Structure formats: C-alpha cells, structure tokens
Amino acid sequence: MAQQVRGVIARSKGAPVQVETIVVPDPGPGEALVRVQACGVCHTDLHYREGGINDEFPFLLGHEAAGVVESVGEGVTDVAPGDFVILNWRAVCGNCRACLRGRPWYCFNTHNAKQKMTLLDGTELSPALGIGAFAEKTLVAAGQCTKVSPEASPAAAGLLGCGVMAGLGAAINTGNVGRGDTVAVIGCGGVGNAAVVGARLAGAARIIAVDIDDRKLATAQKLGATHTVNGRSADPIEAIQGLTGGFGADVVIDAVGTPETYRQAFYARDLAGTVVLVGVPTPEMKLELPLLDVFGRGGSLKSSWYGDCLPSRDFPMLIDLYLQGRLDLDAFVSETIRLTDVEEAFGRMHKGEVLRSVVVF
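Heads up: the sequence shown begins at 1 in UniProt numbering, then just goes up one per residue.
In structure tokens, the structure reads:
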C-alpha cells in the first residue's frame, strides 16, 4: 500500500523549497523502497531548484543518500529488506554497448524507478537524479542501491552517492593518478577536496590545491594537499609550473568547470599529462584553444562522469577504507541538519561556508 512521508519540494524556478507530504508507491518489478537515513545537500539540488537542469517542476530534491531497504519488487535479487545501502544515480543496464564491452561505468542506458512519487493531489514529482532522497522514504530502481557495511555512518556513507565519489573517482578512475605523480586540483569545494583525497590515496607525491578562498585551501591542506595556491594573488599556471620545476603537473583536475579554469588546467599540466574535467559547465560556456597546442602538448583531455565509478565495485571498497580509518569521509560532513533546514543550507553552501550539510533522519 502506498505510504505518505515528508519530502523537500521545489515547486518553481528560484522559489524557496518547502517540506510537503508526498505519496510513495509500493515497489514494482525491479524497484526498491528505501528508508532514508541521511542525505547530503549538493550543488546539483540547488541547480534543480534554479531551473538549471530542466524545467520538469515540481522536483523532489535530494540524491546523495544512504538508508535501509524496506521492501523490494518482483525480480529483485541484489538487495533485500534490511540491507544498508548507498543510493546512486547511474544504475547500469548491463546490455548497452558500453556494458557489453566491459565498461559499465560508461553505461549509456542507466535507469530509474518506473513508478512516480506524487503530491497528495496526484501531481507527479521529478526526483532529483532519479532518486529524490530529501524524503523519509524514496522509491528507486533496485540497481540504484549498493549494499555496504552497516557499520558505516549514514551521514558519511551517503556522500559517496554523488560529490565525494565524483572527486575521488576523478583522481583514481579517470585521472589514473599513480604513485609518485604530481597532481593539481583547481577548485576546492566538496568535489575538489575529494579529488585531493583521491590523489593522496593513489600515492601522489605532490598535491597542489588551487582556489580563491583561503578557507577552502586550509581544508585541502588538512585533507592531504602538500601545496596551496590562491588564484587571486598568484597565476595558477605559473604557480603550478613553479612548484614542478617548470614542467607542470602530471594530472590536473578542473573541479570548477569554466573556460578559464579549464584553460588553466590545460596549460598547467606537463607534456603528455592529463586534464580531467569534473566540474560541470553551464550550457552557454564556450572553449577556445589553439589546436596546435592541443596536438603539441600531447597527453589526454578527459571528462569524468560521476568519477567514472561503478557503484558495485567502488562503494564497498571505499566504505572498507573508511572503516579502516584510511578514508576520512567524516571530514566532509560540515554539519547535520533537519529536513526543514535545507533552504538555509543552500545559502551556506552557496557562500562556501560548508563542504556538506547533511540531512539526518
């Protein structure tokens, strides 16, 4: 029988979010009902509220979440009621050309729950990234649930559902950072600082954090950056080259996603180095580079989708590292808040005052 729970709704572009009653149906074939325990406040949720992704209002916000499976629909075998899971927004299909070539992290046919959650009047909701986890319970495709150790803190574990995984994966999976490499990270918010942590985990010898906010740079140092550069007082390209004997970094990760930061990343890398774009540009942005420089500098220019992660492979491994004390996910939890505090948390996030506010149920 369908259940009524509270959820955070964005009804129109730019309007403050509201906590309203939503209707969550029982899971159908291939679906799972999850009791949400914690959900991080991510920039993507703010983009939804501002109409920056699409105009399919009203949205049920929230997607960076962990919780417990309450029930499953017909045909679900990978998770069962009682399992502690992290939710992901790229449930792989197993049948597309990427999956069949053994590259499921590039799956071109990811899927969500087929049934819709609604408002009390029957208005269908668009769940953020197919999840909608600023709610006491949510309905997702079973493939969006990845079982991990229940010993993990839900507030910390849920952050792997988006931002922290994007940054870690940009370094480890997309950038292929190796032992002894020099890595530069441009933009040290939640994703960028996760890239710093990923570079450290991969064994980078030198990690250069670049930002225009000294508070974020201080956090980057705590998380493993060996050097910092404030882009307001120093040219990032010259500074990174100066810290690398004039050569540039082996891997430069752009966690901002603007033409200017991408140009900095492009010219701050060593010959045959790698640029990883994980910051998300806006639709109107254009990039212009001399094609001869693209050819002459060699190396790789990569985009990182969700850190090129495969949740079934990466989430349990990263949670194991967390439980071993080798990955400090708790450091990304700036504060825990109530469901009714999301609008205020957007403001603190926009001002750069937090890495992550996390709604705890």
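Idealized CB from N, CA, C, for every residue including glycine. Computed from a predicted structure; not experimentally measured.
Do you know whose CA, among Asp235, Val354, Gly180 and Gly28, lies nearest Thr226's CA?
Gly180
Taking the beta carbon of Ser233 as the centre, do at least 16 other beta carbons fall within 10 Å, making it buried, or is it exposed?
exposed
What residues in its chain sit with their C-beta under 8 Å from that of Val72, if we drop five residues either side in the sequence?
Pro27, Glu31, Ala32, Leu33, Val79, Ala80, Pro81 and Ala142
Reduced DSSP category for Lys137 - H, G, I as helix; E, B as strand; rest coil:
strand
Through-space distance from Pro290 to Gly190, alpha-carbon basis:
32 Å
Ala113 classed as buried or exposed, judged by whether at least 16 other C-beta atoms fall within 10 angstroms:
buried
Got a sec, what are the start and stop residues for the alpha helix (DSSP H) Phe361 sits in?
Looking at the DSSP string, Phe361 is not in any alpha helix (DSSP H), and its letter there is neither H nor E.
Same chain only: Cβ atoms within 6 Å of Met285, ignoring 5 sequence neighbours per side
Pro259
Proximity winner among Ile319, Ile207 and Leu160, relative to His63 (alpha-carbon distances)
Leu160
Residue from Leu125, Ser153, Pro150 and Val252 with nearest C-alpha to Arg269:
Val252
Take Gly224 and list the residues in its own chain whose beta-carbon comes closer than 8 Å to its own, dropping the five residues that flank it on each side.
Val196, Val197, Ala199, Arg200 and Ile207
In terms of alpha-carbon separation, which member of Asn176, Gly132, Cys93 and Tyr106 lies closest to Val5?
Gly132
Sheet register partners of Ala249 (DSSP bridge):
Arg269
CA-CA distance, Gly67 and Gly75?
21 Å
Quick check: the Cα distance between Arg356 and Val210, rounded to an integer number of angstroms?
19 Å
Specify the secondary structure class of Phe295 as computed by DSSP and reduced to three states.
helix
Given that a residue counts as buried once 16 or more other Cβ atoms are within 10 Å of its Cβ, and exposed if not, what is Pro16?
exposed
In the structure shown, what three-state DSSP assignment does Thr123 receive?
coil
If we ignore side chains and look at the alpha-carbon of each, how far apart do Pro283 and Leu61 end up?
22 Å
N- and C-terminal bounds of the beta strand (DSSP E) containing Asn230
His227 to Asn230
Touching by the beta-carbon criterion (3+ pairs, under 8 Å), the segment 96-107 and the segment 45-55:
no
Residues near Leu287 by beta carbon distance below 8 Å, same chain, minus five either side:
Pro259, Tyr262 and Arg263
Contact belief for Gly273 with Ala249 at Cβ below 8 Å, rounded distance in angstroms:
6 Å
Do you know offhand how far Pro150's Cα is from Gly178's?
31 Å
Which residues share a DSSP beta bridge with Thr258?
According to DSSP, which records beta bridges pairwise, Thr258 is partnered with nothing at all.
Counterpart residues of Arg206 in DSSP-defined beta bridges
Thr182
The beta strand (DSSP E) with Cys39 in it runs from where to where?
Glu31 to Gly40
What residue range does the beta strand (DSSP E) around Arg6 cover?
Gln3 to Ala10
Reducing DSSP to helix, strand and coil, say where Ser312 ends up.
helix
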